[in-house]
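There are 2 protein chains.
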Amino acid sequence: MRLSAKAEYGVRAMAVLAFYYRGGPVSLRAIAEQEEISLKFLEQIFPDLRRAGLIHSVRGSRGGYMLSRSPGNIKVGDIVRAVEGPITPVSCLSESGEEPCCHRKGDCLTRQVWEKLRDRINDVLDEVFLSELIDLKPAEILK
Amino acid sequence: MRLSAKAEYGVRAMAVLAFYYRGGPVSLRAIAEQEEISLKFLEQIFPDLRRAGLIHSVRGSRGGYMLSRSPGNIKVGDIVRAVEGPITPVSCLSESGEEPCCHRKGDCLTRQVWEKLRDRINDVLDEVFLSELIDLKPAEILK
DNA sequence: CTAATCCCGACAAAAAGACTCGGGTATTGT
DNA sequence: ACAATACCCGAGTCTTTTTGTCGGGATTAG
Numbered sequence: 124m125r126l127s128a129k130a131e132y133g134v135r136a137m138a139v140l141a142f143y144y145r146g147g148p149v150s151l152r153a154i155a156e157q158e159e160i161s162l163k164f165l166e167q168i169f170p171d172l173r174r175a176g177l178i179h180s181v182r183g184s185r186g187g188y189m190l191s192r193s194p195g196n197i198k199v200g201d202i203v204r205a206v207e208g209p210i211t212p213v214s215c216l217s218e219s220g221e222e223p224c225c226h227r228k229g230d231c232l233t234r235q236v237w238e239k240l241r242d243r244i245n246d247v248l249d250e251v252f253l254s255e256l257i258d259l260k261p262a263e264i265l266k
Numbered sequence: 124m125r126l127s128a129k130a131e132y133g134v135r136a137m138a139v140l141a142f143y144y145r146g147g148p149v150s151l152r153a154i155a156e157q158e159e160i161s162l163k164f165l166e167q168i169f170p171d172l173r174r175a176g177l178i179h180s181v182r183g184s185r186g187g188y189m190l191s192r193s194p195g196n197i198k199v200g201d202i203v204r205a206v207e208g209p210i211t212p213v214s215c216l217s218e219s220g221e222e223p224c225c226h227r228k229g230d231c232l233t234r235q236v237w238e239k240l241r242d243r244i245n246d247v248l249d250e251v252f253l254s255e256l257i258d259l260k261p262a263e264i265l266k
């Protein structure tokens, strides 16, 4: 029951972007140094975030990344799902696989537990917004 | 964010034991056949369940396993934690590791999210009892 | 005694995870 | 124009975890 390092780093990196929201683009190099994460690994994570529409990039010198909407509008769940794909506690809940949970016919009672688990995990991750992760007083956050 | 196959198989196997609760010991071979799980893999899972006090074993011919308490007293969370160890969504929450979450000093706001996630996962898994997983009318369950 | 069963540790194959490497392309400051 | 700074992309590699397998030893019913 582990989150991947990608998800963890993704959240931390996005928190940095939230901190510098509206301060111009932030380079991956800066994030990598501040958070002590491999630059090359970050480069692998950020395309996922961009494809999910959470950030947009500025290319070229002095370029970098910035949030595409305010930190109060981005959920931790958005970030985790962007880099990890949909939450699927067990294989039978993946939309691609479609393999049966147990080989029991009819409704599988165990499956319902896993569905409940999946929903709750999504709920928790969607309760927390990026704005809550940065150490600023509410007044300091640029809306 | 995946549960291991061990956890999944463990729950299914325990559901079988719940079904035959008070019907004498059930052999691993029988469980393996009914649930289509490798016998040798089950042999690896059951010591964990026994060490957690969820089942007790009867050795020798005609032996097998039986629940050590009623299905209404065993939570899915008990089973999952028995075979997977404690739920730790990120490495910094493991009691052995003790590595810092981010390298930020003081209280890490991100850590609180992971703690909340961990607690909620445990909550969900502890809400469901083994008795709810077997397809018997309430009257048919032996107390 | 024999067959069934739990028990244990080592081993192995496969998959996933966590990066690394080597370039390519766009943009900007000088 | 040119070099420096970044993003961009795909392949490759190393490590760890997962998912088993294998062989045999201990225990008990019949």
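Note that the protein sequences, when read in sequence, are chains C and H.
Going letter by letter, the first sequence gives residues 124 to 266 in this note's numbering.
Going letter by letter, the second sequence gives residues 124 to 266 in this note's numbering.
Cβ coordinates follow ideal geometry from the N, Cα and C atoms, glycine included.
Given the structure is predicted, the values throughout are model-derived calculations rather than measurements.
Stretch-stretch touch, CB-based, cutoff 8 Å, three pairs: the segment 194-206 of chain C with the segment 169-183 of chain C: yes
CA-to-CA distance, C/Pro148 to C/Ser267, given in whole angstroms: Only positions 124 to 266 of chain C appear in the structure, and residue 267 of chain C is not among them; the question remains open.
Beta carbon of C/Ala141 nearer than 8 Å to that of C/Ile257: What you label residue 141 of chain C is simply residue 18 of the first sequence in a count that begins at 1. What you label residue 257 of chain C is simply residue 134 of the first sequence in a count that begins at 1. In contact: C/Ala141 and C/Ile257 (Cβ atoms closer than 8 Å).
Can you tell me where the beta strand (DSSP E) holding C/Leu190 begins and where it ends? Here residue 190 of chain C refers to the residue found at position 67 of the first sequence. C/Leu190 -> beta strand (DSSP E) spans Gly187 to Leu190.
DSSP state of C/Val139 mapped onto helix, strand, coil: The residue given as residue 139 of chain C occupies position 16 in the first sequence. Three-state DSSP puts C/Val139 in a helix.
Would you grab the beta carbon distance between H/Leu248 and C/Leu240 for me? Rounded to a whole angstrom, and I think it's under 8 Å. Within the second sequence, residue 248 of chain H is the residue found at index 125, counting from 1. Within the first sequence, residue 240 of chain C is the residue found at index 117, counting from 1. Between C/Leu240 and H/Leu248 the Cβ distance is about 7 Å, and since that is below 8 Å, they are a contact.
H/Gly208 versus H/Asp171: straight-line alpha-carbon distance, rounded: Position 85 of the second sequence, counting from 1, holds the residue named residue 208 of chain H. Position 48 of the second sequence, counting from 1, holds the residue named residue 171 of chain H. Approximately 10 Å, taken between the alpha carbons.
Assign C/Ala130 to one of three DSSP states: helix, strand, or coil. Taking the first residue of the first sequence as 1, we reach residue 130 of chain C at position 7. In the structure shown, C/Ala130 sits in a helix (DSSP, three-state: H, G or I).
Would C/Val139 and C/Glu158 qualify as a contact pair, given that the criterion is a beta-carbon distance under 8 Å? The sequence position of residue 139 of chain C within the first sequence is 16, counting from 1. The sequence position of residue 158 of chain C within the first sequence is 35, counting from 1. Against a cut-off of 8 Å, the Cβ pair of C/Glu158 and C/Val139 comes out as a contact.
Report the residue from H/Ala153, H/Pro194 and H/Glu250 whose alpha carbon sits nearest the alpha carbon of H/Arg145. Along the second sequence, read from residue 1 onward, the residue named residue 145 of chain H stands at position 22. Out of H/Ala153, H/Pro194 and H/Glu250, H/Pro194 has the C-alpha closest to the C-alpha of H/Arg145.
Less than 8 Å between the C-beta atoms of H/Tyr132 and H/Leu165, yes or no? As a working mapping, residue 132 of chain H is identified with position 9 in the second sequence. As a working mapping, residue 165 of chain H is identified with position 42 in the second sequence. Cβ distance < 8 Å, so H/Tyr132 and H/Leu165 count as in contact.
For the alpha helix (DSSP H) containing H/Ile178, list its first residue and its last residue. Indexing the second sequence from 1 puts residue 178 of chain H at position 55. Here H/Ile178 belongs to no alpha helix (DSSP H); instead the beta strand (DSSP E) covers Ile178 to Val181.
What is the rounded straight-line gap between the Cα of H/Tyr188 and the Cα of C/Ser127? In the second sequence, residue 188 of chain H corresponds to position 65, counting from 1. In the first sequence, residue 127 of chain C corresponds to position 4, counting from 1. When rounded, the distance between both Cα atoms is 36 Å.
Would you please verify whether the beta carbon of H/Ala175 is less than 8 Å from any beta carbon of chain C? Indexing the second sequence from 1 puts residue 175 of chain H at position 52. Output row for H/Ala175: interface = no.
Against chain H, with Cβ distances strictly below 8 Å, would C/Ser254 count as a contact? By 1-based counting over the first sequence, the position of residue 254 of chain C is 131. Cβ-Cβ to chain H under 8 Å: no for C/Ser254.
Do C/Gly183 and C/Ser150 have their C-beta atoms closer together than 8 Å? Locating residue 183 of chain C in the first sequence gives position 60, where the first residue counts as 1. Locating residue 150 of chain C in the first sequence gives position 27, where the first residue counts as 1. For C/Gly183 and C/Ser150, no; Cβs fall outside 8 Å.
Is the beta carbon of C/Val251 closer than 8 Å to that of H/Val251? Against the second sequence, residue 251 of chain H aligns to sequence position 128. Against the first sequence, residue 251 of chain C aligns to sequence position 128. Their beta carbons are not under 8 Å apart, which means H/Val251 does not touch C/Val251 by this criterion.
By DSSP's criteria, H/Phe164 is part of a beta bridge. Which residues make up the other side? Against the second sequence, residue 164 of chain H aligns to sequence position 41. H/Phe164 is not bridged by DSSP to any residue.
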